[in-house]
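Colleague: Just passing along the structure, written as structure tokens.
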Amino acid sequence: MNKVLDSYALLAFFEKEPGYEIVKDALAEALEKDNFLLMTAVNAGEIYYIVARELGTGKAEEIWEVIRTLPVEIIEVDAELAREAAKFKARFSISYADCFVAALARIKKAEIITGDKEFEKISGELKIKWIG
Numbered sequence: 720m721n722k723v724l725d726s727y728a729l730l731a732f733f734e735k736e737p738g739y740e741i742v743k744d745a746l747a748e749a750l751e752k753d754n755f756l757l758m759t760a761v762n763a764g765e766i767y768y769i770v771a772r773e774l775g776t777g778k779a780e781e782i783w784e785v786i787r788t789l790p791v792e793i794i795e796v797d798a799e800l801a802r803e804a805a806k807f808k809a810r811f812s813i814s815y816a817d818c819f820v821a822a823l824a825r826i827k828k829a830e831i832i833t834g835d836k837e838f839e840k841i842s843g844e845l846k847i848k849w850i851g
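Next comes the structure, spelled out in structure tokens:
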């Protein structure tokens, strides 16, 4: 089964927050099976701005380069993904960035890896692996 990473999950991994082991194991499994985890460009950008805001752009650039070495495929946003994200935004009160996670999971029939409680609002719609 495909797996989609939310920015929350990858940030938890980098900061070794509760549940980071789940992300670590998912990354190791992806590497072992040559089946990369998925993340949208929007959510990768979300990681960048969070790190830049908290630790500066130098650290954000560092993290960006580390992400590029991980078994994570960054999916560019196209019209289909944007439309699916908009459908989630219209139905649920969750952040637009989180809507892209949900949209990618729906399109790829994937499980979301996250600890972001905002996803509880869509837990009946998609499969979610909770961390933390």
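Per the numbering used here, the very first residue in the sequence shown carries number 720; after that it's consecutive. For each residue, glycine too, the CB sits at the ideal point set by N, CA and C.
Measure the alpha-carbon distance for S812 versus E839 and round it to whole angstroms.
Modeller: For the purposes of this step, residue 812 is identified with residue 93 of the sequence shown, where counting begins at 1. For the purposes of this step, residue 839 is identified with residue 120 of the sequence shown, where counting begins at 1. Distance between the alpha carbons of S812 and E839: 11 Å.
Colleague: Starting from I826, trace the alpha helix (DSSP H) in both directions and tell me its first and last residue.
Modeller: Position 107 of the sequence shown holds residue 826. Unbroken alpha helix (DSSP H) run through I826: 815-827.
Colleague: Considering V742, what are the terminal residues of the alpha helix (DSSP H) in which it resides?
Modeller: By 1-based counting over the sequence shown, the position of residue 742 is 23. Segment 739-752, the alpha helix (DSSP H) holding V742.
Colleague: Output needed for I782: all residues of its chain with C-beta closer than 8 Å, excluding positions within five of it in sequence on either side, in chain order.
Modeller: Against the sequence shown, residue 782 aligns to sequence position 63. So the list reads F733, I766, Y767, V770, once near-sequence residues are dropped.
Colleague: Helix, strand or coil for L724, going by three-state DSSP, please let me know.
Modeller: Position 5 of the sequence shown, counting from 1, holds the residue named residue 724. Three-state result, L724: strand.
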